[in-house]
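Enquirer:
Residue numbers (UniProt numbering): 1 to 366.
So this is what it looks like as structure tokens:
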């Protein structure tokens with residue numbers, strides 16, 4: 001049996017703090033360079049990472065006071081401060097989870113024009129925030145005064161710990177379910193967008209990586225039923241502290257990866273003569289160009305003549321519009337040629353087959 005879990009806690013938390021940053025910063029670079037706009041989804045994602053950083057710092061401090069050690073090996077005076085910093089850190093971990101998921105949902109809202117999709121996403125946003133923020137409140141409210149939460153020697157009262165534990169289990173199960181639903185939503189919102197099919201599938205798959213957050217949430221939740229029975233609390237809590245951060249960290253990574261495809265495309269095209277030199281054929285490149293332009297005016301794929309939802313920023317970067325059109329107003333011209341089958345005499349007499357129509361479209365940047 002190891003003497004302490006402290007080093008494992010510190011290394012694990014800092015790795016899960018730094019890695020999401022390496023994915024999030026390129027996302028912001030893409031947004032600033034290509035769409036010229038930073039949206040609420042970006043601000044929320046950055047805020048969730050700040051919560052993660054605060055959690056890691058506070059938990060690191062708590063390890064210095066004895067968290068991670070066996071209870072018998074801790075200093076009775078120092079461990080009080082250790083438990084205090086641990087609980088304060090967990091509050092910020094609970095803040096990070098709904099904030100990161102809300103950021104992902106806001107990105108999805110920008111990509112859909114279907115009303116029931118929007119209501120479905122808003123349902124996820126509201127419920128995930130209500131349940132997790134309430135969990136943070138209950139954690140601090142279970143003891144009066146609140147200091148008794150980490151110093152049992154103080155006079156005061158505390159609820160039966162099973163109340164908070166059972167609610168935390170419910171929140172964990174609900175969060176897992178929402179992560180799974182967020183895996184399905186990209187298939188509903190993106191599939192009808194006017195994009196190259198291969199790129200469309202790539203975006204959907206990368207945006208569905210949030211299912212890994214659901215897996216980590218399930219692992220974390222599996223530890224909760226035994227929390228109230230731990231005699232060696234300071235040592236056994238290590239796994240909960242580590243898995244509690246992994247869910248938010250993975251959500252940030254999953255929310256950032258779809259934007260990085262623009263950088264990958266840019267890097268792969270540097271050796272060519274054009275922005276789509278890596279495409280299989282010139283025709284494929286022209287198809288990508290046309291699809292990107294079409295997506296600007298028909299976000300739901302059903303021929304709507306213009307956008308009415310004010311989508312900006314996130315969808316442009318995800319869909320990977322050609323650089324020459326990014327940030328520009330694009331005018332779509334539509335030329336219709338109608339003709340009828342049959343001879344001139346039949347046409348003049350009104351006796352002709354059902355007419356046919358051809359439509360040609362082209363875009364120009366204004």
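Virtual Cβ for every residue (Gly too), placed ideally from N, Cα, C.
Buried or exposed, going by whether 16 or more other CB atoms sit within 10 Å of the CB of residue 102?
Expert: Buried, since its Cβ has 16 or more Cβ neighbours within 10 Å.
Enquirer: Using a Cβ-Cβ cutoff of less than 7 Å, which residues in the same chain neighbour residue 148 once the five nearest sequence positions on both sides are dropped?
Expert: Once the five neighbours on either side are set aside, the close Cβ partners of residue 148 are 154, 156, 158.
Enquirer: Are there three or more Cβ pairs, one per stretch, closer than 8 Å when the segment 215-225 is compared with the segment 198-205?
Expert: Cβ pair count under 8 Å is below three, so no.
Enquirer: Who are the near neighbours of residue 108 in its chain, counting only those whose CB is closer than 6 Å to its CB and skipping five residues on each side?
Expert: Closer than 6 Å at the Cβ level, and outside the excluded window around residue 108, lie 121, 185, 189.
Enquirer: My output table needs one value for residue 127: the three-state DSSP class, helix, strand or coil.
Expert: Correct three-state label for residue 127: helix.
Enquirer: By a C-beta neighbour count over all protein chains shown, 10 Å radius and 16 as the cutoff for buried, is residue 84 buried or exposed?
Expert: Label assigned to residue 84: buried.
Enquirer: Residue 58 and residue 88: beta carbons closer than 8 Å?
Expert: Closer than 8 Å, so yes.
Enquirer: Can at least three beta-carbon pairs, one atom from the segment 237-246 and one from the segment 50-65, be found at a separation below 8 Å?
Expert: Touching, per the Cβ criterion.
Enquirer: Hey, is the segment 165-176 in contact with the segment 223-236, meaning 3+ C-beta pairs nearer than 8 Å?
Expert: Yes, the segment 165-176 is in contact with the segment 223-236.
Enquirer: Let's test the definition: count the other Cβ atoms within 10 Å of the Cβ of residue 255 and tell me whether it reaches 16, buried, or not, exposed.
Expert: Its Cβ being crowded by 16 or more others within 10 Å, residue 255 is buried.
Enquirer: Are the segment 246-265 and the segment 28-37 in contact at 8 Å, needing three or more beta carbon pairs?
Expert: Counting Cβ pairs under 8 Å, three or more are found: they touch.
Enquirer: Under the three-state reduction of DSSP, which class applies to residue 4: helix, strand or coil?
Expert: Of the three classes helix, strand and coil, the one that applies to residue 4 here is strand, per DSSP.
Enquirer: Put residue 74 into one of helix, strand or coil per three-state DSSP.
Expert: Reduced to three states, the DSSP call for residue 74 is coil.
Enquirer: Quick check on residue 69: buried or exposed, where buried means 16 or more other Cβ atoms within 10 Å of its Cβ?
Expert: Flag for residue 69 reads buried.
Enquirer: Leaving out the 5 sequence neighbours to the left and right, which residues in its chain are closer than 6 Å to residue 9 when beta-carbon positions are compared?
Expert: Cβ neighbours of residue 9 beyond the five flanking positions: 63, 68, 238, 241.
Enquirer: Out of curiosity, what's the CA-to-CA distance linking residue 253 and residue 210?
Expert: So the two alpha carbons sit approximately 9 Å from each other.
Enquirer: Please classify residue 5 as buried or exposed, where buried requires at least 16 neighbouring CB atoms within 10 angstroms.
Expert: Looking at its Cβ environment, which holds 16 or more other Cβ atoms inside 10 Å, residue 5 is buried.
Enquirer: Hey, residue 140 and residue 91 are a contact pair by Cβ (cut 8 Å); roughly how many whole angstroms apart?
Expert: Indeed, because the Cβ distance is near 7 Å, the residues count as touching under 8 Å.
Enquirer: Distance, Cα to Cα, residue 236 vs residue 112?
Expert: Near 44 Å, if we compare the C-alpha coordinates of residue 112 and residue 236.
Enquirer: Please say whether residue 82 and residue 55 have beta carbons closer to each other than 8 Å?
Expert: Not a contact, by the Cβ cut-off of 8 Å.
Enquirer: I need the straight-line Cα distance from residue 146 to residue 114, nearest angstrom please.
Expert: C-alpha separation (whole angstroms): 46 Å.
Enquirer: So what does DSSP say about residue 114, is it helix, strand or coil?
Expert: Reduced to three states, the DSSP call for residue 114 is coil.
Enquirer: Run through DSSP, which three-state label would residue 157 get?
Expert: Three-state DSSP puts residue 157 in a strand.
Enquirer: The alpha helix (DSSP H) spanning residue 220 covers which residue range?
Expert: Counting along the chain, the alpha helix (DSSP H) containing residue 220 begins and ends at 211-223.
Enquirer: Assuming residue 45 contacts residue 100 under a Cβ cut-off of 8 Å, what Cβ separation, rounded to an integer in Å, is found between them?
Expert: With a Cβ gap of about 7 Å, residue 45 and residue 100 count as contacting.
Enquirer: Considering only residues of the same chain and omitting the five flanking positions on each side of residue 125, which have a CB-CB separation below 7 Å?
Expert: Cβ neighbours of residue 125 beyond the five flanking positions: 102, 105.
Enquirer: Alpha carbon to alpha carbon, how far is residue 50 from residue 20? Give it in angstroms, no decimals.
Expert: Using only the alpha carbons, I get a separation of about 11 Å.
Enquirer: CA-CA distance, residue 29 and residue 42?
Expert: Those two C-alpha atoms are separated by around 11 Å.
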